[in-house]
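Asks:
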Amino acid sequence: MRKRNRTYFLIGLVVLLPFWMWLAWYLMPKRQLVAAIVDKTVLHPDGQEHISLTWILNHQRFTKTKTQPYAIDQDYFGFFPLDNQQYRLKGLERFSDQQLTQLSQDCDLAYYTDTYGIYRQEWFQSQTATERSGIIYGGMSRKDVHFLRQMKQNHKLVIAEFNDINSPTDPAVRNQFESTFGVQWTGWIGRFFDSLDTTVNQELPRWLVRNYKRQHKGQWPFTKAGIVYVSENDAVVVLEEDMHLTRKLPQMLATPVGKSKFGLPEHMRYTYWFDVLSYDPRINNEVASYEIYPTDEGRRELRRYGLPTRFPAILMHDGPDYAFYYFAGDFCDNPVSMSSAYFRGIEWLSPFAYMTEGLTERKGFFWRVYRPMMTQILEDYYRRIRAN
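If you read the sequence shown in full-length UniProt numbering, its first letter stands for residue 1, the second for the next number, and so on.
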C-alpha cells in the first residue's frame, strides 16, 4: 500500500508540475521595462524575427506598462502584416525628430531585431526569400539612426544584430551607425548549409547559386555541406566540406568575459546567417567570436577575398556613458514557442528540446546562448536603471 501511495504521489507530482511552474511564474512580480523593438521583416503575425526577445521579456515578467505584458503581434515598430495581402507600415520613419527625442526619453532600451525587410515576390506571391525581388519596406533609415543616437546620448541600452546595417540599408546610413557605435561591416555575410546540393536543399537561395554560376562559367560543383559567403557586390565564395574545410561547422567561441559575465559555453556551433565585422577595440569588447576551420585550399580562397578565419560574433560596450551590444548573427530568430515563456524554471527542462536536434536546428542556440545572455543583459540593465 505504501509503495502504491508513493507511486500515486510521484504521478501526481509529474502531472501537476506544469501547473506549479506556471503558478511560480504568475506570482513573480511584474517589472516595467519599456523596450522599443524594431522589426521590418514580419512576414507573418507570429513575429518570428523578434520572438526570442519577446519570449524573454515575458518569461522574466518585464512589462511595457506597469501591468501590460508584451504582445508579439503588436509591440514593435516596423512592418505589420494584415489579411488579404494588406499591410501597415508603423516604423520610426513616420515620426518627427522631436517625437523621436521624446521616444528616446520614454524608452529604456532599443533592440533592432531585423531590418532586412519585406519583398514583393515573397509578400504578394507567398514565396520564400530564396529569390530576390523589389523591396516593399526595409533597411535601417536615417530616422532609425537619429533615434539610436538619442538613445546613446541618454545613456540607454541599444542592441542590434545581423542584417540591421547590411543590404538594403543605404551606405550613408550604415556609415552613420558604424561611426556612432564603433563597428564596421566588411561587406560580407555568410551561412552554413548542411547540403550545397541544389536538388536537395530547398533553402539555398537561388540568387546565390545564380551569382556564383555567373562568376564561374555556369558551374556549381558542390554537393556536400559547406559555408557560403556573399558580398554586398554579389560576389559568392563557397567553402565545401573536405575540400576547403577541415571542420564543416562554424564555431562560436566565448571570450573570458563571455564565460564569466554571461555564462556562455566555451564553444558552440553556429549554423545560421552571420555578419563579417570589424570593430574599434577602444570602444567595444569582444564577448564571443566565430571561428572557421579551413584547409590550405580553403585558406587560400579566403585570403583571395580578404576574409578572416576568426571574426567577432558578439560585441559589447558596457560603460556609464551607454550600453551597446551587437550580435553578428540572426540571434533573435529561433524556433521557440511563446507558450513556454509562462513556466518558471522551464530552462531546466530545455535539454530535452534540443538533445536530438539536427545540425541546422537552432533550439540549442536559444537555450544555451541567447536566453542566458539576454536574460543577464536585461536583468543587469534593469538593476542599473532602478538604482539611478
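Here a beta-carbon is modelled for each residue, glycine too, at the ideal position from N, C-alpha and C.
The structure displayed is predicted, hence computed values, not measured ones.
Give a yes or no on contact between the segment 257 to 265 and the segment 151 to 164, applying the rule of three or more CB pairs nearer than 8 Å.
Replies: no
Asks: Taking CB distances under 9 Å as the criterion, tell me whether residue 296 reaches chain D.
Replies: The displayed structure is made up of one protein chain only, and chain D is not part of it.
Asks: Between which two residues does the beta strand (DSSP E) holding residue 90 run?
Replies: 87 to 90
Asks: So within the segment 9 to 78, which uninterrupted alpha helix (DSSP H) runs reach at least 4 residues, ignoring any that extend past its ends?
Replies: Along the length of the segment 9 to 78, whole alpha helix (DSSP H) runs at least 4 residues long occupy 51 to 59, reported in chain order.
Asks: Tell me which residues share the same chain as residue 53 and place their Cβ nearer than 8 Å to its Cβ, disregarding the 5 neighbours each side in the sequence.
Replies: 35, 37, 111, 113, 332 and 374
Asks: Please identify the residue among 148, 115 and 122 whose C-alpha is closest to the C-alpha of residue 329.
Replies: Comparing Cα-Cα distances from residue 329 to each of 148, 115 and 122, the minimum goes to 115.
Asks: Starting from residue 103 and walking both ways along the alpha helix (DSSP H), at which residues does that stretch end?
Replies: From DSSP, the alpha helix (DSSP H) with residue 103 extends over 97 to 106.
Asks: What's the gap between the Cα of residue 410 and the Cα of residue 342?
Replies: For residue 410 there is no data in the structure shown, the boundaries of the chain being 1 and 388.
Asks: Is it buried or exposed, residue 16, if we count other Cβ atoms within 10 angstroms and call 16 or more buried?
Replies: Exposed is the call here.
Asks: Taking C-beta to C-beta, are residue 28 and residue 61 nearer than 9 Å?
Replies: yes
Asks: Where residue 335 and residue 278 are concerned, what is the direct C-alpha to C-alpha distance, given to the nearest angstrom?
Replies: 29 Å
Asks: Any chance the segment 158 to 169 sits against the segment 248 to 255, with 3 or more Cβ pairs inside 8 Å?
Replies: no
Asks: May I ask which residues mark the beginning and end of the beta strand (DSSP E) holding residue 235?
Replies: Where residue 235 is concerned, there is no enclosing beta strand (DSSP E), given that its DSSP letter is neither H nor E.
Asks: Say the cut is 8 Å; is the CB of residue 44 nearer than that to a heavy atom of the ligand NAP?
Replies: This structure simply doesn't include the ligand NAP, nor any ligand for that matter.
Asks: Expressed to the nearest angstrom, what Euclidean distance is found between the alpha-carbon atoms of residue 88 and residue 138?
Replies: When the Cα atoms are used, residue 88 and residue 138 turn out to be separated by approximately 13 Å.
Asks: Which whole-angstrom value is the C-beta distance of residue 247 and residue 290, which I expect to be below 8 Å?
Replies: About 12 Å; that fails the 8 Å criterion.
Asks: Could you tell me the distance, in whole angstroms, from the CA atom of residue 195 to the CA atom of residue 225?
Replies: 4 Å
Asks: Look up residue 363 in the DSSP assignment and say whether it is helix, strand or coil.
Replies: helix
Asks: If I follow the unbroken beta strand (DSSP E) through residue 186, where does it start and stop?
Replies: 183 to 193
Asks: Just to confirm the assignment: which complete beta strand (DSSP E) runs, minimum length 3, are found wholly within the segment 115 to 181?
Replies: 135 to 137 and 157 to 161
Asks: Tell me the start and end of each unbroken alpha helix (DSSP H) in the segment 277 to 355 that is at least 4 residues and wholly inside, in chain order.
Replies: 296 to 304 and 351 to 354
Asks: Tell me, please, whether the segment 91 to 104 touches the segment 61 to 76 by the rule of three or more beta-carbon pairs shorter than 8 Å.
Replies: Between the segment 91 to 104 and the segment 61 to 76, the count of Cβ pairs shorter than 8 Å is below three; the stretches do not touch.
Asks: Sorted by chain position, which residues of the same chain lie with C-beta nearer than 6 Å to residue 159's C-beta, five sequence neighbours on each side aside?
Replies: Result list for residue 159: 111 and 325, in chain order.
Asks: Are the CB atoms of residue 239 and residue 302 nearer to each other than 9 Å?
Replies: yes
Asks: Measuring CB to CB, does residue 181 end up less than 9 Å from residue 148?
Replies: yes
Asks: Taking the alpha carbon of residue 250 as the point to measure from, which residue in 210, 308 and 105 has its own alpha carbon closest?
Replies: 308
Asks: In terms of DSSP beta bridges, what is residue 81 paired with?
Replies: 87
Asks: One question on the structure: do residue 41 and residue 77 come within less than 9 Å of each other, judged by their Cβ atoms?
Replies: no
Asks: Please go through the same chain and pick out, in chain order, the residues whose beta-carbon is closer than 8 Å to the beta-carbon of residue 214, but skip the five residues on each side of it.
Replies: Here the set comprises nothing.
Asks: How far does the beta strand (DSSP E) with residue 208 in it reach, from first residue to last?
Replies: From DSSP, residue 208 is part of no beta strand (DSSP E) but of the alpha helix (DSSP H) over 206 to 215.
Asks: What are the boundary residues of the alpha helix (DSSP H) that residue 261 is part of?
Replies: 256 to 262
Asks: On a Cα-Cα basis, can you pick out the residue from 72, 229, 84 and 141 that is closest to residue 94?
Replies: 141
Asks: Where does residue 270 fall in DSSP's three states?
Replies: In the three-state reduction of the DSSP assignment, residue 270 falls in the coil class, being assigned neither a helical nor a strand state.
Asks: Relative to the alpha-carbon of residue 109, which residue among 387, 382 and 388 has its alpha-carbon at the smallest distance?
Replies: Of the candidates 387, 382 and 388, the one whose C-alpha sits nearest the C-alpha of residue 109 is 382.
Asks: State buried or exposed for residue 203, treating a residue as buried only when at least 16 other CB atoms are found within 10 Å of its CB.
Replies: exposed
Asks: Report yes if the C-beta distance between residue 191 and residue 273 is below 9 Å; otherwise report no.
Replies: yes
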